[in-house]
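Asks: Questions regarding the structure given below will be posed in turn.
Number of protein chains: 2
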Amino acid sequence: MTVVLYDLVGREDRRFSPHCWRTRMALAHKDLATEARATRFGEIQAICDGQQRTIPVIEDAGEIVADSWRIACYLEQRYPDRPSLFGADGESLTHFVQHWVHTVVQPGLVGLIIADIHDHLDSTDQDYFRQSREQRFGRSLEAVQADRDQRLGEFRKALEPARRTVQDSPYLGGETPRYADYLLFGALQWSRVISPLALLAADDPLLGWFGRCLDLYEGLGWQTPGYDWPGLRGGD
Amino acid sequence: MTVVLYDLVGREDRRFSPHCWRTRMALAHKDLATEARATRFGEIQAICDGQQRTIPVIEDAGEIVADSWRIACYLEQRYPDRPSLFGADGESLTHFVQHWVHTVVQPGLVGLIIADIHDHLDSTDQDYFRQSREQRFGRSLEAVQADRDQRLGEFRKALEPARRTVQDSPYLGGETPRYADYLLFGALQWSRVISPLALLAADDPLLGWFGRCLDLYEGLGWQTPGYDWPGLRGGD
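So, in structure tokens, the structure goes:
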């Protein structure tokens, strides 16, 4: 049985959603056959039961599960004999990493790439995106993103807990990747797919970790259009 | 066999070191009889083999182990049948939490309490502390700590990943405390023991978690002089 993942898409089939990437990596981690169905913002209301407002959403044997964290917990419970996403006792610490990604990483990142996101959306999604996000930020997308070079250093510095962790082990989860890795991976992949900004410096120890994550599951992370970053490559 | 912990002490037997508190809680977690031997800065050079420059240091059956992280790993390996500090697969994620405490929590906190630390040291330690820390910061301790009320809100905000985590589970480690909890606990305990500043707001969800940590192991965390914070109490 193939799991259907409703996967946010921009123009040129760019799969850019950080939250969808978590789920896509989690499904691959669980070795579940997946159809990642390209879904534009404007199409979300029509998927599944018509009640969905955000994605990722998955359909698994007729069951609809929404919200990336709920999906991860669902997969862990539904498929306990497959590789664990959290590790034996790791659910709560993984949740801590998610809260760090939500309160530090992604808020810092969105201000660096939000106009780029707009520019890489399908034209039918652009008006919705601009209006909803400019209302949220209280200024134009271009104003939010302006002077990002001055904020890039601060953003990189905020990644220090992850940077130090992967200097001692291949993954945040330890010897093997875990859902904690996919949480940060999703955020960086969001940027790589949709913005020409080289988010990490070429000598950043996180680049090697990011390359390893991109290589996982037969190079799943590379299977979308994206930008090159100096020093980033797979197969290391 | 009793484990000896060389435990940093200020005046009035205040046990204030964040790194020593991690180790003290870890020893209690492993249910190891412990003598927490009061040690002033000026006494560190004379302990054990005379080679130690920082504490915590433990002596366990003739073995000397230094550095709080190395001690935690040592305890986990030496006493595998006792309650796990990291959880089955949690060492790397716990290390992530430590890096977060080291790069976010403690650097933010030290600037709020450093003159208070000085004022609560034994008089024989004060000159050393002032000189070494003023050299590090490039200004007086009082200047570093000045206007802390203006920085307190930012510090509290930086705790958000932990705050959100304990709104879903009693401990960062999940249903039971883990070493990840002791990492953040040590930082907050540092402040509570040595500074009259109410570090957390009275309605902060972290207060309940902190109280639970203080209550652990027969109220071990209360067994030192410390300051009251509005809303903080044990036994909840």
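Residue numbers (the numbering used here), protein chains in the order written: chain A, 26 to 261; chain B, 26 to 261.
We put the beta carbon where it would ideally sit given N, CA and C, even for glycine.
Remember, it's a predicted structure, so these values are computed and weren't measured experimentally.
(1) Check whether the Cβ atoms of B:Ser-117 and A:Gly-199 sit closer than 8 Å, and answer yes or no.
(2) On the CB-based measure, 16 or more other CB atoms within 10 Å of its CB, does B:Lys-182 come out buried or exposed?
(3) Let me know if A:Pro-108 comes out buried or exposed under the rule of 16 or more other beta-carbons within 10 Å of its beta-carbon.
(4) Report buried or exposed for B:Phe-162, applying the criterion of at least 16 other Cβ atoms within 10 angstroms of its Cβ.
(5) Taking the beta strand (DSSP E) that B:Val-82 falls in, what are its first and last residues?
(6) Got a sec: which bits of the stretch 85 to 117 of chain B sit with their beta carbon under 7 Å from any beta carbon on chain A, in order along the chain?
(7) A:Phe-154 touches chain B at which residues, Cβ-Cβ below 9 Å?
(8) Kindly confirm or deny that the stretch 148 to 161 of chain A and the stretch 97 to 106 of chain B touch, where touching means at least three C-beta pairs closer than 8 Å.
(9) Is B:Ala-226 helix, strand or coil by DSSP?
(10) Can we say the stretch 214 to 224 of chain A touches the stretch 36 to 44 of chain A, given the rule of at least three CB pairs closer than 8 Å?
(11) For A:Thr-190, I'd like the list of residues in its chain whose CB is within less than 6 Å of its CB, leaving aside the five on either flank, ordered along the chain.
(12) Which whole runs of the alpha helix (DSSP H) in the stretch 37 to 74 of chain B are 4 residues long or more, in chain order?
(13) Would you say B:Gly-244 reaches chain A, if we count a Cβ-Cβ gap shorter than 8 Å as a contact?
(14) In whole angstroms, what is the alpha-carbon distance linking A:Arg-237 and A:Tyr-204?
(15) Less than 8 Å between the C-beta atoms of A:Arg-49 and A:Leu-146, yes or no?
(16) So, helix, strand or coil for A:Ala-91, using DSSP?
(17) Examine chain D for any beta-carbon lying closer than 8 Å to the beta-carbon of B:Phe-235, and answer yes or no.
(18) Per DSSP, what kind of secondary structure is B:Asp-32 in: helix, strand or coil?
(19) Quick check on B:Val-34 - is its C-beta less than 8 Å from some C-beta in chain A?
Replies: Result, derived from the coordinates:
(1) Looking up residue 117 of chain B in the second sequence gives position 92. Looking up residue 199 of chain A in the first sequence gives position 174. Yes.
(2) Within the second sequence, numbered from 1, the residue matching residue 182 of chain B stands at position 157. It counts as exposed.
(3) As a position in the first sequence, residue 108 of chain A is number 83, starting the count at 1. Label assigned to A:Pro-108: exposed.
(4) One-based indexing of the second sequence puts residue 162 of chain B at position 137. B:Phe-162 should be labelled exposed.
(5) Along the second sequence, read from residue 1 onward, the residue named residue 82 of chain B stands at position 57. Segment 82 to 85, the beta strand (DSSP E) holding B:Val-82.
(6) Gly-112, Ala-113, Asp-114, Gly-115, Glu-116, Ser-117
(7) As a first step, residue 154 of chain A is located in the first sequence; it is residue number 129 there, counting from the start. Within chain B, no residue comes near A:Phe-154; the closest Cβ sits about 26 Å away, beyond 9 Å.
(8) no
(9) For the purposes of this step, residue 226 of chain B is taken as residue 201 along the second sequence, with counting starting at 1. Coil.
(10) yes
(11) The residue labelled residue 190 of chain A in the question sits at position 165 within the first sequence. Hits under 6 Å: Leu-197.
(12) 43 to 54
(13) The sequence position of residue 244 of chain B within the second sequence is 219, counting from 1. Taking Cβ atoms only, chain A never reaches closer than 8 Å to B:Gly-244, which makes this a no.
(14) Position 212 of the first sequence, counted from the start, is the residue given in the question as residue 237 of chain A. Position 179 of the first sequence, counted from the start, is the residue given in the question as residue 204 of chain A. Approximately 14 Å, taken between the alpha carbons.
(15) In the first sequence, the residue the question calls residue 49 of chain A occupies position 24. In the first sequence, the residue the question calls residue 146 of chain A occupies position 121. Their beta carbons are not under 8 Å apart, which means A:Arg-49 does not touch A:Leu-146 by this criterion.
(16) Taking the first sequence and counting its residues from 1, one reaches residue 91 of chain A at position 66. Strand at A:Ala-91.
(17) The structure shown contains no chain D; the protein chains it does contain are A and B.
(18) For the purposes of this step, residue 32 of chain B is taken as the residue at position 7 of the second sequence. If DSSP states are grouped into helix, strand and coil, B:Asp-32 belongs with the strands.
(19) The sequence position of residue 34 of chain B within the second sequence is 9, counting from 1. So no, B:Val-34 is outside the interface.
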